[in-house]
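Asks:
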Amino acid sequence: METFFATCPRGLEDVLSQELQELGAKEVRATPGGIECQGPFLLCYRLNLESRIASRILWRVGQGWYRNEEDLYRLASSQPWPEWFPVECRIKVRIIAQHSPLKSLDFATLRVKDAICDRFVRATQSRPEVDKRQPDIQIVVFVDRDHVAWYLDTSGDPLFKRGWRKVAGEAPIRENLAAGILRLSGWTGDQVLLDPMCGAGTFLIEAALMAKGIAPGTGREFAFRHLRNFDQTAWEQLRQESMRSTTTDGPAVSIVGYDADANALAMARKNLQGLGFEDIQVSQVDVLDVTPPAPEGFLVTNPPYGVRMGDRLELQDWYPKFGDLLKQRFAGWRVYVLTADSRLPKLIHLAPSRKIPLFNGPLESRLYEFQMVAGGNRKSARQAKQRAKN
Ligand SMILES: C[S@@+](CC[C@H](N)C(=O)[O-])C[C@H]1O[C@@H](n2cnc3c(N)ncnc32)[C@H](O)[C@@H]1O
836 METFFATCPR GLEDVLSQEL QELGAKEVRA TPGGIECQGP FLLCYRLNLE
886 SRIASRILWR VGQGWYRNEE DLYRLASSQP WPEWFPVECR IKVRIIAQHS
936 PLKSLDFATL RVKDAICDRF VRATQSRPEV DKRQPDIQIV VFVDRDHVAW
986 YLDTSGDPLF KRGWRKVAGE APIRENLAAG ILRLSGWTGD QVLLDPMCGA
1036 GTFLIEAALM AKGIAPGTGR EFAFRHLRNF DQTAWEQLRQ ESMRSTTTDG
1086 PAVSIVGYDA DANALAMARK NLQGLGFEDI QVSQVDVLDV TPPAPEGFLV
1136 TNPPYGVRMG DRLELQDWYP KFGDLLKQRF AGWRVYVLTA DSRLPKLIHL
1186 APSRKIPLFN GPLESRLYEF QMVAGGNRKS ARQAKQRAKN
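Residue numbers (our numbering): 836 to 1225.
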């Protein structure tokens, strides 16, 4: 059994934990920002290929106790790095510290890198090259007060880089965050899904990949191919099996996107076409003019929120109108809105049934759920004020 750590956007730990168990991980344990789990080594191929929510899959190769930079040097020197990857690999060392006594993380990183290189010199008379931008192998070192754990990153590029994005809009949401939100919403692929401010189409595409059973990592490479234990046959077999389980010729799922901006739509179309998802239609509509494409369904969206785009004052007038639209036209729908703008719950004049804290990159955000029951969500201005204070 090997130990892995799957990192994820903060707030998605519970849904990632469920997903990893479905993919065969054992001894699954959630910690803030990620999930520790166990399984045979080949589990990491499957998690890299099929997890929609993880950001990276790290393989734990050792651990120990330390007090200072020199202990880290000594411990790193004693790990058998040349047994795990060849000297030709370009490496990068990244230290993640929590409550650590280390005075300088830069210096500690340098000492660990020296230790790894010195170990290679002892074994092979040559040292690996350091490449901070495009390493073949990234060594991730977690240090807390007195404990250090050594990991090899088996993913390479973070897993939200699915390989399908031809173009990105002005403020695209990360793919794994979008997939995590779809999972939090309870959408299962059988219901209508609408993103009325779809931008470059991230929610639509993640939804389509889910509905068609397409593994998110089908079109990309992973760092585990650089490891000495890489099993090409097992990997190919897994990839083929995964491709066989897709349902690309199944019934068309009803996934619909709108946006007011023609450039955003052009990007969405390009991304959809790149994947062969021409059955997903996107059209230019202002969200306030939207009519629901079905009597019920899931509306999932991240509106502009005045940090990266959109004007804060305009949004202040827009939220009540958006709330009115949902109330008047979307009875029977479940609505999920991700925003970093804390004014939304007060100004939309609807009572959220759930508020889930999530990080959209560095932006502390919330996912608001509104269950639109005819006549049931409107709240008085006083109630709204009270709730917003709490
Ligand atoms: C934060 S971005 C959404 C990004 C998208 N989820 C993605 O991954 O690319 C917000 C989007 O709302 C659109 N938008 C802004 N005001 C709108 C309006 N009144 N009606 C429809 N779309 C609007 C913008 O054009 C932009 O594409």
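Note that CB positions come from ideal geometry on N, CA and C, so glycine has one too. The structure presented is a predicted model; accordingly, all values stated were derived computationally and were not measured.
#1: With H, G and I counted as helix, E and B as strand and the rest as coil, what does DSSP make of glycine 1158?
#2: Any contact between the segment 975–987 and the segment 933–944? By contact I mean 3 or more CB pairs, one from each, below 8 Å.
#3: Please classify lysine 1156 as buried or exposed, where buried requires at least 16 neighbouring CB atoms within 10 angstroms.
#4: Can you give the beta carbon distance from isoleucine 1183 to glycine 1158, rounded, assuming they're within the 8 Å contact cut?
#5: Let's test the definition: count the other Cβ atoms within 10 Å of the Cβ of glycine 991 and tell me whether it reaches 16, buried, or not, exposed.
#6: Are leucine 1017 and glutamate 1041 touching if we call contact CB-CB under 8 Å?
#7: Compute every distance between the C-beta of leucine 1123 and the non-hydrogen atoms of ligand 1, then say whether any falls below 7 Å.
#8: Going by the C-beta, is proline 1128 closer than 7 Å to any heavy atom of ligand 1?
#9: Determine whether the beta carbon atoms of proline 917 and alanine 958 lie at a separation below 8 Å.
#10: For methionine 1207, is the classification buried or exposed, using 16 other Cβ atoms within 10 angstroms of its Cβ as the cut-off for buried?
#11: When you compare each of Leu907, Ala1186, Arg891 to leucine 1012 by their alpha carbons, which one comes out closest?
#12: Please state whether DSSP places leucine 1017 in a helix, a strand or coil.
#13: According to DSSP, is alanine 919 part of a helix, a strand, or is it coil?
#14: If I measure Cβ to Cβ from tyrosine 901 and keep anything under 8 Å in the same chain, skipping five residues before and after, which residues do I get?
#15: According to DSSP, simplified to helix, strand and coil, what is leucine 1134?
#16: Hey, how far is the Cα of aspartate 988 from the Cα of phenylalanine 1059?
#17: If you measure from the CB of methionine 1045, is any heavy atom of ligand 1 nearer than 7 Å?
#18: Would you be able to state if there are at least three C-beta pairs under 8 Å between the segment 1029–1049 and the segment 1091–1101?
#19: For glycine 872 and tryptophan 919, I'd like the C-alpha separation in whole angstroms.
#20: Quick one: measure Cβ to Cβ for valine 1170 and leucine 1161, integer angstroms, because I've assumed they're closer than 8 Å.
#21: On a Cα-Cα basis, can you pick out the residue from Leu1148, Arg929, Phe839 that is closest to arginine 879?
#22: Could you check the C-alpha separation between aspartate 1146 and alanine 1099 for me, to the nearest Å?
#23: Say the cut is 7 Å; is the CB of isoleucine 1115 nearer than that to a heavy atom of ligand 1?
#24: Beta-carbon separation of aspartate 966 and arginine 925 under 8 Å?
#25: Could you work out which residue in Glu837, Leu1044, Arg895, Pro1051 is closest to glycine 1024 when comparing CA atoms only?
#26: Restricting to Cα atoms, I'd like to know which of Gly1048, Pro1180, Asp1152, Gln1151 is closest to leucine 884.
#27: If you follow the beta strand (DSSP E) that valine 983 is part of, which residue opens it and which one closes it?
#28: Do you know whose CA, among Lys1181, Glu1204, Gln973, lies nearest proline 1192's CA?
Replies: Quick look at the numbers:
#1: Numbered from its first residue, the sequence shown carries residue 1158 at position 323. Looking at glycine 1158 - three-state DSSP - the assignment turns out to be helix.
#2: yes
#3: The residue given as residue 1156 occupies position 321 in the sequence shown. Counting Cβ neighbours within 10 Å, lysine 1156 comes out exposed, since fewer than 16 surround it.
#4: For this step, residue 1183 is matched to residue 348 along the sequence shown. For this step, residue 1158 is matched to residue 323 along the sequence shown. Contact flag correct, Cβ pair sits at about 4 Å.
#5: Against the sequence shown, residue 991 aligns to sequence position 156. Flag for glycine 991 reads buried.
#6: Sequence index remark: in the sequence shown, residue 1017 carries index 182 (1-based). Sequence index remark: in the sequence shown, residue 1041 carries index 206 (1-based). Result yes, Cβ atoms of leucine 1017 and glutamate 1041 sit closer than 8 Å.
#7: Residue mapping note: residue 1123 aligns to position 288 of the sequence shown, counting from 1. For ligand 1, at least one heavy atom lies less than 7 Å from the Cβ of leucine 1123.
#8: Position 293 of the sequence shown holds residue 1128. Flag unset: Cβ of proline 1128 not near ligand 1.
#9: Numbered from 1 along the sequence shown, position 82 holds the residue referred to as residue 917. Numbered from 1 along the sequence shown, position 123 holds the residue referred to as residue 958. Contact flag set, yes.
#10: Sequence index remark: in the sequence shown, residue 1207 carries index 372 (1-based). Its Cβ being crowded by 16 or more others within 10 Å, methionine 1207 is buried.
#11: Taking the first residue of the sequence shown as position 1, residue 1012 is located at position 177. When each option's Cα is compared against that of leucine 1012, the closest is Arg891.
#12: The residue labelled residue 1017 in the question sits at position 182 within the sequence shown. If DSSP states are grouped into helix, strand and coil, leucine 1017 belongs with the helices.
#13: As a first step, residue 919 must be located in the sequence shown, where it is residue number 84. It should be pointed out that residue 919 corresponds to tryptophan in this sequence rather than to alanine. Residue state, collapsed to three classes: helix.
#14: Here the question's residue 901 lines up with position 66 in the sequence shown. So the qualifying residues of the chain are Leu907, Leu910, Val978, Asp981, His982, Val983.
#15: Position 299 of the sequence shown, counted from the first residue, corresponds to residue 1134. Strand.
#16: For this step, residue 988 is matched to residue 153 along the sequence shown. For this step, residue 1059 is matched to residue 224 along the sequence shown. Cα to Cα, the separation comes out at about 8 Å.
#17: One-based indexing of the sequence shown puts residue 1045 at position 210. Answer for methionine 1045: no, Cβ out of range of ligand 1.
#18: yes
#19: The residue given as residue 872 occupies position 37 in the sequence shown. The residue given as residue 919 occupies position 84 in the sequence shown. According to the sequence provided, residue 872 is cysteine. The question's glycine does not apply to it. Cα to Cα, cysteine 872 sits roughly 20 Å from tryptophan 919.
#20: Numbered from its first residue, the sequence shown carries residue 1170 at position 335. Numbered from its first residue, the sequence shown carries residue 1161 at position 326. Indeed they touch by this definition, with Cβ atoms about 6 Å apart.
#21: Counted from its first residue, the sequence shown places residue 879 at position 44. Looking at the sequence shown, residue 879 is not arginine but cysteine. Answer by Cα proximity: Phe839.
#22: Along the sequence shown, read from residue 1 onward, the residue named residue 1146 stands at position 311. Along the sequence shown, read from residue 1 onward, the residue named residue 1099 stands at position 264. Spanning the two alpha carbons is a distance of roughly 18 Å.
#23: On the sequence shown, position 280 is the one that residue 1115 refers to. No - ligand 1 has no heavy atom lying nearer than 7 Å to the Cβ of isoleucine 1115.
#24: Position 131 of the sequence shown, counting from 1, holds the residue named residue 966. Position 90 of the sequence shown, counting from 1, holds the residue named residue 925. Closer than 8 Å, so yes.
#25: As a working mapping, residue 1024 is identified with position 189 in the sequence shown. It is Leu1044 whose Cα lies nearest to the Cα of glycine 1024.
#26: The residue labelled residue 884 in the question sits at position 49 within the sequence shown. Out of Gly1048, Pro1180, Asp1152, Gln1151, Gly1048 has the C-alpha closest to the C-alpha of leucine 884.
#27: What you label residue 983 is simply residue 148 of the sequence shown in a count that begins at 1. Taken as a continuous stretch (DSSP letters only), the beta strand (DSSP E) holding valine 983 covers 982–988.
#28: Residue 1192 sits at position 357 when you count from the first residue of the sequence shown. Checked all of Lys1181, Glu1204, Gln973; the closest Cα to proline 1192 is Glu1204.
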